[in-house]
Each structure stands twice: as structure tokens, then as C-alpha cells.
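In my numbering, the protein residues as written are 393 to 801.
Report on the following structure.
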Ligand code: ASP
């Protein structure tokens with residue numbers, strides 16, 4: 393075999409596919425049905441494969457992550473750091489969204505709002521949401537891909553294995569072996585990502601190209617400015633101060649996952665590529681295998697920004713003024729809403745209903761942004777997965793420092 397033969401790195405291939413997909417999409421603007429009928433299905437096949445692999449990856453990687461720490465205290469220490477980081481950055485993200493929305497409010501168009509209609513799904517009471525996190529059946533969470541329940545299962549079984557000790561040795565071997573097998577499957581699926589990216593982005597551009605130039609350009613621009621601000625300021629600062637890493641290196645290393653998130657609009661689908669990227673940047677495997685699957689499910693800073701910007705936008709369109717206490721309510725509900733948002737395309741828009749309802753804004757307003765939701769979604773997913781990655785690097789660094797300190801004493 394010719395070992396000197398060079399292949400383009402996957403990240404470069406994905407980037408080329410993205411550019412080609414956008415160009416093809418622009419050329420196909422008058423032929424949306426062709427793009428959606430013949431190109432999109434290939435992208436859907438690719439997304440289906442990712443969805444297929446995500447449940448076993450989350451289940452086995454969290455279990456093997458917990459087992460490899462072999463100490464419940466360590467799991468607790470990583471878990472607390474992760475959850476605190478996720479909650480704080482999400483709250484900051486909504487504040488950025490609200491500030492950005494207010495700064496650019498003057499540029500938002502006052503749209504004709506009389507003929508809008510949007511059927512919001514009935515939102516469930518808060519306690520029902522909490523109860524829903526805990527599985528009542530072993531198979532259903534796996535078959536229905538209810539990710540929060542899958543995470544609870546993985547954590548519970550992982551803890552039990554540590555507590556059982558030697559007797560669980562065969563299970564440990566089995567879980568680690570399955571983890572390796574599913575990771576290999578994922579690697580094979582990821583080889584298809586350039587094709588997947590091309591086929592996913594092309595129909596989006598073909599269908600939305602002209603809408604971007606239309607009246608919604610300003611609110612889209614506002615959301616994207618906030619997305620960039622959050623990544624360049626909050627994550628860069630966090631990675632620099634707590635992660636001991638240069639922000640430039642971080643953003644560079646994160647690029648392949650970002651491109652993938654941008655075209656797939658799915659944090660959960662980007663999980664495998666994000667894990668690989670973080671490990672390449674120096675995050676510990678035991679940390680990434682716990683922090684990233686959790687983040688892909690509960691940490692959605694981009695979604696939070698989007699909800700802040702859209703709430704201001706919708707209020708402006710209806711001529712409603714939001715006061716400070718309503719803004720604080722938005723911060724609280726959007727934090728919860730982003731936790732409950734599934735890492736799949738379009739989920740954030742559904743949760744927007746919860747945020748609007750919390751401050752009495754008309755749910756019909758969602759129809760204003762629904763047409764271009766995919767464009768919001770591409771950017772917010774990039775922020776979502778970048779937040780997860782920054783957390784993995786920071787927690788790895790903090791844990792390493794802690795271990796070094798312990799060794800020295
Ligand atoms: N698509 C986003 C994600 O997967 C969720 C959302 O719709 O906000 O991260």
C-alpha cells in the first residue's frame with residue numbers, strides 16, 4: 393500500500409463541501425423542489441445515521457467515562473464544575489442576546505402582524521419536566537432517544553459499577569469494548585460528512601437565499617453579532633483564564649466541529665466530531681466522554697441568545713415595551729428552556745414559545761421568525777457545541793491542576 397499518498401484532512405473536505413453546497417444552493421434558488429427532492433434526502437440519510445449512533449455513543453461513553461474515574465468523588469467534582477459552568481455561561485448568553493436585541497431594536501422592522509398564526513405546543517408544568525428526566529422503563533429511553541433519560545441511566549449504571557467493584561469487572565470490559573466499537577462506527581459514519589454537509593446546506597440556501605436579504609436580515613444579523621460576541625469574549629476569556637489555553641488555538645481546533653454544526657444544525661449530531669476535536673486539543677478522554685454528551689443535551693448558549701434576541705424582536709414588532717423585571721423573567725425561563733431544548737434542528741424555536749409565554753408576549757410572533765429559523769439555528773448550534781468544548785477543556789485543566797496539587801502535597 394502506498395503510505396505516502398496524502399488525503400485531504402476531513403476538516404478541509406467538510407469546508408470545501410460547505411462552500412460548494414452554498415454555491416450550488418445559490419445557483420438553485422429557482423429550483424427549490426429539485427434541491428429538496430433530490431439533494432436533501434442524502435443529507436437526511438446522513439443525519440439518520442448520526443441519530444442512530446448517538447444513543448449508544450452517549451450511553452457507553454458516559455458509562456465508560458464514569459467507570460474510568462473509578463471514584464465517585466471525582467465524578468461529583470467534574471459534574472459540579474460542569475453544571476455550574478453550563479448554567480453561568482447560559483445566563484450570560486441570554487443577557488448578551490437581550491442587550492444586543494435592545495441595541496438593534498431601532499432597526500427592526502414593524503411588520504404587518506395581523507395575519508400571523510403559530511400553533512404552539514402546550515408547554516408542560518415545571519415539575520412534569522423534572523419528573524420526565526427520570527426513566528420509568530429500561531428500553532423506552534433508548535428506543536425513543538430521550539437523551540436526558542439516557543444520561544440518567546448511564547450515570548446510575550456507571551455509579552453502580554464503581555460501587556460493585558471487582559464483581560463488575562466483566563461488565564467494565566464489555567462496556568469499554570462496546571464503547572470502542574461504537575466509536576469506530578461513528579468514525580465510519582463521519583467519513584461521509586462532506587457529502588452530508590453538502591446535501592444539508594444546499595437546500596437550505598436554495599430555499600432561504602432571498603429571505604436572508606429580506607426584512608429579517610437585521611434580526612438575523614443581530615443574532616449573529618451576539619453569537620460571535622459570546623464566542624469571542626466569553627469562551628475566549630474562559631478558555632484563557634481557566635483552561636490555560638490560547639483562545640486562537642481553541643477556536644482553530646474547534647473549526648471542524650463548528651463547520652459541521654453549522655451545516656447540520658444538530659449539537660447531538662456534532663457530538664462525535666466535537667469529542668474528537670477536544671481530545672486533539674488536549675482534553676482528557678474521561679472528561680470529554682462525560683462533559684460533552686451532557687452538554688449536547690443541556691447546554692445551549694446559542695439557543696439562549698436566539699431566544700433573547702427573538703423575544704425583543706417580537707415585542708418590537710408588536711409595539712410592546714419590555715421592562716426590567718420581564719427581562720429578568722426571560723433570563724430565568726430561557727435558561728430553563730435551553731436546558732430542555734433537544735440538540736436537534738429546530739428544537740430551539742419550539743422552546744421559544746415557553747419564553748414568550750413567560751412574559752405574556754403573543755405566541756403568534758413565532759411565525760415572524762419561523763421562515764428563517766434554520767438560519768438562526770445554524771449559528772446557534774455552532775455556539776452550543778463551542779460552549780460544550782470550552783467546558784471540556786476547562787474542566788480537564790482544572791482537574792489536572794487539582795491532581796498535580798494533590799500529588800505535590
Ligand atoms: N439545533 C440546536 C442544537 O442542536 C437546538 C436549537 O434548535 O436551538 O443545538
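Glycine included, C-beta positions come from ideal geometry on N, C-alpha and C.
Since we're looking at a predicted model, the values are computed, not measured.
Rounded distance between the beta-carbons of residue 626 and residue 446, thought under 8 Å: Reading the chain shown from its first residue, position 54 is the one you call residue 446. Reading the chain shown from its first residue, position 234 is the one you call residue 626. Between the beta-carbon of residue 446 and that of residue 626 there is about 27 Å, and that puts the pair past the 8 Å contact cut.
Cβ separation of residue 420 and residue 577, assumed to be a contact under 8 Å, to the nearest whole Å: Residue 420 sits at position 28 when you count from the first residue of the chain shown. Residue 577 sits at position 185 when you count from the first residue of the chain shown. That pair is no contact at about 33 Å.
Distance CB(residue 733)-CB(residue 778) smaller than 8 Å: Counted from its first residue, the chain shown places residue 733 at position 341. Counted from its first residue, the chain shown places residue 778 at position 386. Cβ distance not < 8 Å, so residue 733 and residue 778 don't count as in contact.
Where residue 421 sits in the DSSP three-state scheme: Within the chain shown, the letter at position 29 stands for residue 421. Looking at residue 421 - three-state DSSP - the assignment turns out to be coil, as it is neither helix nor strand.
Top-ranked residue by Cα proximity to residue 657, from 484, 766, 532, 453: Position 265 of the chain shown, counting from 1, holds the residue named residue 657. Per the Cα distances, 766.
Test item: CB-CB of residue 454 and residue 791 under 8 Å: Position 62 of the chain shown holds residue 454. Position 399 of the chain shown holds residue 791. No, the Cβ-Cβ distance between residue 454 and residue 791 is not below 8 Å.
Exposure of residue 473, with buried meaning 16 or more beta-carbon neighbours within 10 Å: Position 81 of the chain shown holds residue 473. Residue 473 should be labelled buried.
Sequence-distant residues of the same chain with beta carbon closer than 7 Å to residue 510, five excluded per side: Along the chain shown, one-based indexing puts residue 510 at 118. Caution is warranted here: a pLDDT of 49 is assigned to residue 510, below 50, making its placement in the model unreliable, and no coordinate value can be reported.
Residue 748 versus residue 738 - alpha carbon distance: Here residue 748 is taken as the residue at index 356 of the chain shown, counted from 1. Here residue 738 is taken as the residue at index 346 of the chain shown, counted from 1. A straight line joining the alpha-carbon of residue 748 with that of residue 738 spans about 16 Å.
Other residues of its chain near residue 672: CB distance less than 8 Å, five sequence neighbours each side excluded: Here the question's residue 672 lines up with position 280 in the chain shown. In its chain, beyond the 5 residues on either side, 645 have a beta carbon closer than 8 Å to the beta carbon of residue 672.
CB of residue 789 within 8 Å of CB of residue 693, strictly: Taking the chain shown and counting its residues from 1, one reaches residue 789 at position 397. Taking the chain shown and counting its residues from 1, one reaches residue 693 at position 301. Taking 8 Å as the Cβ cut-off, residue 789 and residue 693 do not qualify as a contacting pair.
Sequence-ordered residues whose beta carbon comes within less than 6 Å of a heavy atom of the ligand ASP: Listed by chain position, these are 657, 658, 659, 692, 695, 733, 735, 736, 737, 738, 739, 740, 769, 772, 773, 776.
Any chain D beta carbon closer than 8 Å to residue 451: Structure shown: chain D not included; a single protein chain is present.
Neighbourhood of residue 422 by C-beta distance below 8 Å, restricted to the same chain and skipping five residues each side: Taking the chain shown and counting its residues from 1, one reaches residue 422 at position 30. Excluding positions up to five away in sequence, the list is empty.
Reduced DSSP secondary structure (H/G/I, E/B, other) of residue 507: As a working mapping, residue 507 is identified with position 115 in the chain shown. Low local confidence applies: a pLDDT of 49 at residue 507 is under 50, so the model's placement there is unreliable, and no value is given.
Between the CA atoms of residue 463 and residue 546 - distance to the nearest angstrom: Position 154 of the chain shown holds residue 546. Position 71 of the chain shown holds residue 463. Computed Cα separation, rounded: 16 Å.
Residue 733: first and last residue of the uninterrupted alpha helix (DSSP H) it sits in: As a working note, residue 733 is residue 341 in the chain shown. That residue, residue 733, is in no alpha helix (DSSP H); it is neither H nor E in DSSP.
Complete beta strand (DSSP E) runs within the region 648 to 709 (minimum length 3 residues, chain order): If we require 3 residues or more, the region 648 to 709 turns out to have no beta strand (DSSP E) run fully inside it.
For residue 622, three-class secondary structure by DSSP: As a working mapping, residue 622 is identified with position 230 in the chain shown. Annotated three-state conformation of residue 622 is helix, per DSSP.
Counted within 10 angstroms of its Cβ, other Cβ atoms place residue 520 as buried (16 or more) or exposed: The residue given as residue 520 occupies position 128 in the chain shown. Only exposed fits residue 520, as fewer than 16 other CB atoms lie within 10 angstroms of its CB.
Residues near residue 540 by beta carbon distance below 8 Å, same chain, minus five either side: Taking the first residue of the chain shown as 1, we reach residue 540 at position 148. Excluding the 5 residues flanking it on each side, residue 540 has same chain C-beta neighbours closer than 8 Å at 524, 525, 689, 690, in chain order.
Burial state of residue 586, where buried means 16 or more other Cβ atoms lie within 10 Å: Residue 586 sits at position 194 when you count from the first residue of the chain shown. Burial state of residue 586 is buried, judged by a 10 Å Cβ sphere holding 16 or more other Cβ atoms.
Exposure of residue 680, with buried meaning 16 or more beta-carbon neighbours within 10 Å: Numbered from 1 along the chain shown, position 288 holds the residue referred to as residue 680. Buried, since its Cβ has 16 or more Cβ neighbours within 10 Å.
Residue burial classification, residue 705 (beta-carbon count within 10 angstroms, cutoff 16): For the purposes of this step, residue 705 is identified with residue 313 of the chain shown, where counting begins at 1. Under the 10 Å beta carbon count, residue 705 is surrounded by 16 or more other beta carbons and is classified as buried.
Residue nearest to residue 764 in terms of C-alpha spacing, selected from 682, 744, 631, 612: The residue given as residue 764 occupies position 372 in the chain shown. Checked all of 682, 744, 631, 612; the closest Cα to residue 764 is 612.
Pairwise C-alpha distance: residue 683 and residue 784: The residue you call residue 784 lines up with position 392 of the chain shown. The residue you call residue 683 lines up with position 291 of the chain shown. For residue 784 and residue 683, the distance between alpha carbons rounds to 6 Å.
C-beta atoms of residue 631 and residue 486 nearer than 8 Å: In the chain shown, counting from the first residue as 1, residue 631 sits at position 239. In the chain shown, counting from the first residue as 1, residue 486 sits at position 94. It is not a contact, given that the beta carbons lie outside the stated cut-off.
Residue 711 and residue 614 closer than 8 Å at C-beta: Here residue 711 corresponds to residue number 319 of the chain shown, with the count starting at 1. Here residue 614 corresponds to residue number 222 of the chain shown, with the count starting at 1. Taking a C-beta distance under 8 Å as the contact criterion, residue 711 and residue 614 do not qualify as a contact pair.
Residues of its chain near residue 458, where Cβ-Cβ distance is below 6 Å and the 5 sequence neighbours each way are ignored: Sequence index remark: in the chain shown, residue 458 carries index 66 (1-based). Here the set comprises 467, 550.
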